[in-house]
Structure formats: C-alpha cells, structure tokens
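A quick write-up on the structure given underneath.
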Amino acid sequence: MTVEATLQHGQPEMTKRMQLHAHVSQLQDENGLQYLEIDNPLATGKIALQGAHVMQWQPKFLSDPVLWLSSNARYIKGRSIRGGTPICWPWFGAHPTDSTLCPHGFARVIPWRVMDIDATQTGATRIILEMQQTPEAQRQLSYPYELTLTITIGRRLRIDMATTNLAEHPFVIGEAFHTYFNVSDISNIHITGMQDCVYMDKLLRYERNVEHNALAFDGKEYDRVYVNHSADCAIHDSGYNRIIHIAKSGSDATVVWNPGAEKAGSMGDMGTADEWRKTICVETTNALDNMVVINPGRKHTLSAEYSIETL
Ligand code: BG6
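Written out as structure tokens, the structure reads:
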C-alpha cells in the first residue's frame, strides 16, 4: 500500500480511554495516537499528545468554537494536524540551511508526555507537557535542551512554551503558536493591533512594507510576518459578533496567514469546499529579524492568551 493510500482524513475511532484527573481523560485512537480530552465547568478542550497540539477549545458561554479544525485533517504519526494550535519549534518556516528537514520544525510531529495536571483557582485546567527526546528529535537537533508546554484551559486559553538551554553554548531558535482561529467568514473580519508595523510579505519575496490600516481579507492568499511586533492584537468578527483578543509575551513577531482558494485546494487537508474561508491564522511568533538567542542555562518563554469578547 502506498503512503498516500494509508492517509486518513477525519477523526479516527478511539479504542482506549483512561481518566487522568477529575476533568481530564486520555484517549488512544486506532492509529496509536493519544489525546487528552478536557471538560471542566468553564470550557471543553482536546489536545493531541503528538505535537502537544491543542485541537479544540470552547468556553462554555460560547456557541461557536474558537479554534478552527479542518474536517479532513490527517491523524497519523509524523504528520501535523491541520487546525487548532500547531507548535512551530525550533525553527519557523523552512530550516535555514537544510531543506530536507520538516518545515516549521519537528516539535509539532514528535510525541510529548504529560508531566502534571492541576486545577487553577478560577477552575481552569492546567496541563504541563514535555517533548520527548525521540531519536528523530535528536537527529534534527543534537544539543541538549528541555522543551515544555503549559496549557491552561478555562474561560481563556493560555499557552506557555518554555525552552531551556542545557548546552554549554548559546543557541538560536525560531518558534510560533500557529493558531487557526474559527471565523464566520474571512470577508467579515478585520484585525487590529498591527497599525504602523513593518511587515515582510512572503508572497512578494519578503518585501518590506508598513501596515497603515486594520487588516482585511479579500479571499486571496495572505502570508505576512509582522516583525518587531510585540503588541496584542484582536480579530473582530461581525458575523459571529465577537472579538478574539490575542495577548502575548516573549514574542516579537506576528504572522498572519490564510491560503486563499487556490492554495487551499491544492493542500489536501484544508477542508472541503470553502472551509478555508472560515479560518485565519494569527501566529504568536519569533522569526526572521526576531529569532531568539538563548544562553547556556537560561530559559526563554513564549506565551499567548486568547480571550473572547461577545458583542
Ligand atoms: C504559515 C506560513 O505560518 O504556515 C506559510 O507563513 C505556510 O508560508 C503556512 O504556508 C502553513 O504551513 P504548513 O507547513 O503547516 O503547511
């Protein structure tokens, strides 16, 4: 059987379930991939342990999910799931010197392990995951480090990714939370928080320009890196009557991406028909001008917090 023939679209059957905590169960699917399902008084959520990938988060006061997940995402070992919050680490985009290595780094396709689960004072569920040092991870990055992700699921979704340099020399990383937000339609939204910021347009060979207005979308591919951008931003959605607020720290760049009709059609896992119109990626990032140098023994943390204002 060819690799393509074994690709599976849509969520596979779950074969095992185990309760880890009052609000968290662990599931395994028929392909051996593992997931955490969270159901607390404030929100529901789902995390794939491959990639520490938050697939779903929905506060209970909302009727529409906050994260977009493709209806034909692939759930197989070594492939990233299309939707939710993929983790890009330790580089963003193509590897700087070796194009055979995974785009956006390998953290999104390596299994992570659960280190701790607890409840916060507000009733949210906090889960700490650590990336496993598999042979594949070591092949792609040979020096020692520790990478943990703390995911807090409640009325807000908070993600903190901590990189600790355990080597005896400094190293440089690129990284992102590549979050796919669920929107009513790409033509109904605008994004604020980037005015007067310099961006590099990946579709124009990284040409630099200044953003003068709120971002709006006409259905064509959009792929820009806002550099030296550490401010919060917001997605205003007149169809869902809500604003998604994106607060961040430890991040000096923001990427905004939507594939547009043509590219979505060629990707194979971007959903059916016009599903691509129902998402926008706003990525809390360190990339290009804003890669991060981590000195020996030091820890760097990238954080994002998403909250919803209903109108
Ligand atoms: C965005 C990049 O962050 O991710 C785009 O800016 C890229 O250039 C997109 O196409 C999707 O990447 P991938 O590897 O998940 O298909």
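So the sequence shown is numbered by my numbering: it starts at 748 and just counts up by one.
Heads up, the beta-carbon is just placed ideally off N, CA and C, and yes, glycines get one too.
Check each candidate in Ala-961, Thr-872 and Ile-898 and name the one with the smallest Cα separation from Val-801.
-> What you label residue 801 is simply residue 54 of the sequence shown in a count that begins at 1. Closest by alpha carbon: Ile-898.
Would you mind sorting Thr-1001 into buried or exposed? The rule is 16 or more other CB atoms within 10 Å of its CB.
-> The residue labelled residue 1001 in the question sits at position 254 within the sequence shown. Its Cβ being crowded by 16 or more others within 10 Å, Thr-1001 is buried.
Backbone CA spacing between Gln-781 and Arg-903 [nearest angstrom] | Position 34 of the sequence shown, counting from 1, holds the residue named residue 781. Position 156 of the sequence shown, counting from 1, holds the residue named residue 903. Approximately 24 Å between the Cα atoms of the pair.
Would you give the residue range spanned by the alpha helix (DSSP H) that Gly-1012 belongs to?
-> One-based indexing of the sequence shown puts residue 1012 at position 265. Counting along the chain, the alpha helix (DSSP H) containing Gly-1012 begins and ends at 1007-1014.
From the DSSP output, which residues share a beta bridge with Ser-772?
-> Position 25 of the sequence shown, counting from 1, holds the residue named residue 772. Its beta-bridge partners are Gln-766 and Glu-784.
Backbone secondary structure at Ser-817 - three-state DSSP = On the sequence shown, residue 817 is found 70 positions in, with the first residue counted as 1. Coil.
Would you identify the three-state DSSP class for Ile-933, choosing helix, strand or coil?
-> Here residue 933 is taken as the residue at index 186 of the sequence shown, counted from 1. Ile-933 falls in the helix class under three-state DSSP.
Bounding residues of the beta strand (DSSP E) (the contiguous stretch that carries Arg-826) = Numbered from 1 along the sequence shown, position 79 holds the residue referred to as residue 826. Element bounds for Arg-826: n/a, residue is neither H nor E.
Length of the line joining the Cα atoms of Arg-971 and Pro-891 | For the purposes of this step, residue 971 is taken as residue 224 along the sequence shown, with counting starting at 1. For the purposes of this step, residue 891 is taken as residue 144 along the sequence shown, with counting starting at 1. Taking the straight line joining both Cα atoms gives about 32 Å.
Considering only C-alpha positions, which residue in the set Gly-840, Gly-792 and Thr-881 is nearest to Leu-1035?
-> Numbered from its first residue, the sequence shown carries residue 1035 at position 288. Closest by alpha carbon: Gly-840.
Kindly indicate which residue of Thr-847, Ala-923, Ala-871 and Asp-1021 has the alpha-carbon position closest to the one of His-770.
-> Along the sequence shown, one-based indexing puts residue 770 at 23. The shortest Cα separation from His-770 among Thr-847, Ala-923, Ala-871 and Asp-1021 belongs to Ala-871.
Nearest-angstrom Cα distance between Leu-1058 and Asn-935?
-> Counting from 1 along the sequence shown, the entry for residue 1058 is found at position 311. Counting from 1 along the sequence shown, the entry for residue 935 is found at position 188. Straight-line Cα distance between these residues: approximately 14 Å.
Below 6 Å CB to CB, which residues in the same chain sit around Ala-923 once its five sequence neighbours on both sides are set aside?
-> As a working mapping, residue 923 is identified with position 176 in the sequence shown. Counting only Cβ-Cβ distances below 6 Å, and skipping sequence neighbours, we find Cys-835, Phe-839, Glu-1030 and Thr-1032.
Output yes or no for whether 8 Å exceeds the beta carbon distance between Gln-797 and Lys-763.
-> Counting from 1 along the sequence shown, the entry for residue 797 is found at position 50. Counting from 1 along the sequence shown, the entry for residue 763 is found at position 16. No, these two residues do not count as a Cβ contact at 8 Å.
Cutoff 7 Å; reference Val-856; Cβ partners in own chain excluding five residues on either side | Along the sequence shown, read from residue 1 onward, the residue named residue 856 stands at position 109. Around Val-856: Gln-797, Gly-798, Gly-825, Arg-826, Ser-827 and Cys-849.
Just how far apart, CA to CA, sit Asp-776 and Gly-757?
-> Numbered from its first residue, the sequence shown carries residue 776 at position 29. Numbered from its first residue, the sequence shown carries residue 757 at position 10. So the alpha carbons of these two residues sit roughly 12 Å apart.
Beta-carbon gap between Thr-881 and Arg-873 smaller than 8 Å | Residue numbering aside, residue 881 sits at position 134 when the sequence shown is read from its first letter. Residue numbering aside, residue 873 sits at position 126 when the sequence shown is read from its first letter. No.
Option in Leu-789, Leu-767 and Gln-766 with minimal Cα separation from Gly-901 = The residue labelled residue 901 in the question sits at position 154 within the sequence shown. Of Leu-789, Leu-767 and Gln-766, the residue nearest in Cα terms is Leu-789.
Excluding sequence positions up to five away, which residues of its chain have a Cβ less than 7 Å from the Cβ of Arg-989?
-> Working through the sequence shown from its first residue, we reach residue 989 at position 242. The residues are Ile-1055, Glu-1056, Thr-1057 and Leu-1058.
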